[in-house]
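Below is one structure, written out as structure tokens; the observations come after it.
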Amino acid sequence: MSNKWGILQVVNMGTLISTLDVGIVNVSLPVMARQFSVTLAQIQWVATVYLLTMVILLPFMGKLSDRMERRQIYSWGFFIFGVGSLGIAISHSFLLLMMSRCLQGIGATMIMANSQAMVRHAFPDHERGRALGYNAIVISVGTLSGPALGGLLLEVMDWTWLFWINVPISLAACWLGLRWFPRDGQTSAKSPCDYLGTFLLGAGVCLLMLAAEAVKDGSVSLKVWLEAGIGCLLLCLLVVQARTIDYGIIDRELFSHRKVWLGNTGSLIINLAQTATLIPITFYLQSELGFSAWGTGALLMLQPLVMGIVAPFAGWFRDKYGGTFPINAGAVLCSASMLFVVCMPSVSAWSIGLHLAFFGIGTGLFHATNNAEVMSAAPAEKSSLAGSLLALVRYLGQIVGIGLATLLVGTMGSQSQAQESFGTPLRVLFGICCMLCLAVAISGRYLPKEKPHRSDITASSSS
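Per my numbering, the very first residue in the sequence shown carries number 364; after that it's consecutive.
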């Protein structure tokens, strides 16, 4: 396909704005709370409802995109995202703000559910790793740089401009998508939509997030335990329900491929470890080691910077020699990076910097290769569902990672204590993440060892 690299840039544009908005809004929450005269606890839902919308709708939107023309859903996702951003920027009430943020989340879901499917459709298997390597860079940069970029923009402009800038970008991406993206030559069988599964996933995740928010605020009551318990029960029912039907959002055929279910499980764990360690590191650098906000941000940028250097190389290696080695090596490096915090005599900026660098190398090797392997293993008619599940496990990993960090070091900074007062729980947290990443490396031994097929051209010559 002659314009496949142009298509990749549009895909990266969508990935960037949808992941960036997860974190960029957080720094503006205090300002928004004052303007709308609500509490910080209430305004926090501006961030939560966006993530929640994506988690609930991603599998459903993935199945819908495989049934319909994903080019249309992907491109119009930009338009809806832009309309939601416009609504936020002109909101004069808290209710309109929340409704617009939810609309923005729906648009982001339409984008994220199809991003990797569009790459699969445009690139043959032996080039897919390199393309998804560049996409992995954008995911990492968008996720990790959101708060820093938001803080920088707020220094020079009003908070509404954090959303105004999305409007022209979204309109341009919608136009380019409708013009450049190829029409799908096939769609999947017209199976029923799994509305029950969507409800179970949405209700279960909502209850778990409510419980997590309460624990984060220091409340552990019977109500919180009930929310957490019922949420876990609903997710268990989702798994049981998916085993009884052929059209569930947890697709049985899709997960019959070893690369798909091992890849999604590994991605969940690596994202869990990344989020669980990044949150306390940010706080530890400022509160325990006395770093400024700018100094902390500069050190944290080491991780996406290193990942950005490594990911394209990992994709190239996978395209030429197969994905087994970079996936295993990446998970091993992620595990080994935790030892710089666990084993060094003191938790210092030096040990944290080494951890960030090695973890960045590990994620650069792992994500670019793992995403390409999962998308190549998935049936072509279910590529949007496969891509949406990869995005879903990334966000679920972040949610579980926040919960794990809250459980072990959630009281960090609640009172003035000595520098090493949180050294032990921090080491325990990193030790758990070390073992989890090591489990991913061990599971990599069971991945099929095969090279990409140069004859696997899923891209159509028409556009």
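Even for Gly, the Cβ is constructed at its ideal location relative to N, Cα and C.
query, result
"Assigned secondary structure, residue 367 (DSSP; H/G/I helix, E/B strand, else coil)", "helix"
"Among 603, 719, 596, the one whose alpha carbon lies nearest that of residue 648", "719"
"Length of the line joining the Cα atoms of residue 615 and residue 585", "36 Å"
"Collapsed DSSP secondary structure at residue 611 in the structure displayed", "coil"
"Whole-angstrom distance between residue 486 and residue 369, CA atom to CA atom", "12 Å"
"Straight-line Cα distance separating residue 789 from residue 685", "36 Å"
"Assigned secondary structure, residue 900 (DSSP; H/G/I helix, E/B strand, else coil)", "The structure shown does not extend to residue 900, since the chain is modelled only from 364 through 826, so no value can be given for it."
"Identity of the residue in 683, 670, 796, 698 nearest residue 502 by Cα", "670"
"Exposure of residue 823, with buried meaning 16 or more beta-carbon neighbours within 10 Å", "Caution is warranted here: a pLDDT of 39 is assigned to residue 823, below 50, making its placement in the model unreliable, and the coordinate value is therefore given only provisionally. Label assigned to residue 823: exposed."
"Buried or exposed by the 16-neighbour rule on C-beta atoms within 10 Å, applied to residue 588", "exposed"
"Whole-angstrom distance between residue 709 and residue 651, CA atom to CA atom", "12 Å"
"Continuous alpha helix (DSSP H) stretch holding residue 604: start and end", "585-605"
"Whole alpha helix (DSSP H) elements within the segment 367-438, 4-residue minimum", "367-387, 392-399, 403-430"
"Straight-line gap, residue 696 to residue 808 (C-alpha atoms, nearest Å)", "15 Å"
"Touch test, the segment 747-765 against the segment 419-438, Cβ-Cβ under 8 Å, three pairs minimum", "yes"
"For residue 632 and residue 660, the rounded distance between their alpha carbons", "24 Å"
"Assigned secondary structure, residue 812 (DSSP; H/G/I helix, E/B strand, else coil)", "coil"
"Where the alpha helix (DSSP H) through residue 717 begins and ends", "712-740"
"Within 7 Å, strictly: CB atoms of residue 741 and residue 421", "no"
"Short Cβ contact (7 Å threshold) for residue 691 with residue 804", "yes"
"Test item: CB-CB of residue 492 and residue 735 under 7 Å", "yes"
"Which listed residue (464, 787, 388) has its alpha carbon closest to that of residue 515", "388"
"Straight-line gap, residue 577 to residue 619 (C-alpha atoms, nearest Å)", "37 Å"
"Contact set for residue 595: own chain, Cβ-Cβ below 8 Å, skip 5 residues either direction", "567, 571"
"Boundaries of the alpha helix (DSSP H) in which residue 624 is found, first to last residue", "621-646"
"Sequence-distant residues of the same chain with beta carbon closer than 6 Å to residue 574, five excluded per side", "587, 590, 591"
"Residue 413 versus residue 675: straight-line alpha-carbon distance, rounded", "30 Å"
"C-beta atoms of residue 417 and residue 472 nearer than 7 Å", "yes"
"DSSP state of residue 688 mapped onto helix, strand, coil", "helix"
"Residue 509, DSSP secondary structure in three states", "helix"
"Beta-carbon proximity of residue 830 to residue 499, cut-off 7 Å", "This structure leaves residue 830 out entirely; the chain is present only between 364 and 826."
"Cβ pair residue 612, residue 682 closer than 7 Å", "no"
"Classification of residue 384 by the beta-carbon crowding that lies within 10 angstroms, buried from 16 upward", "buried"
"Check whether residue 796 and residue 636 have beta carbons under 7 Å apart", "yes"
"Inter-residue Cα distance where the pair is residue 672 and residue 455", "43 Å"
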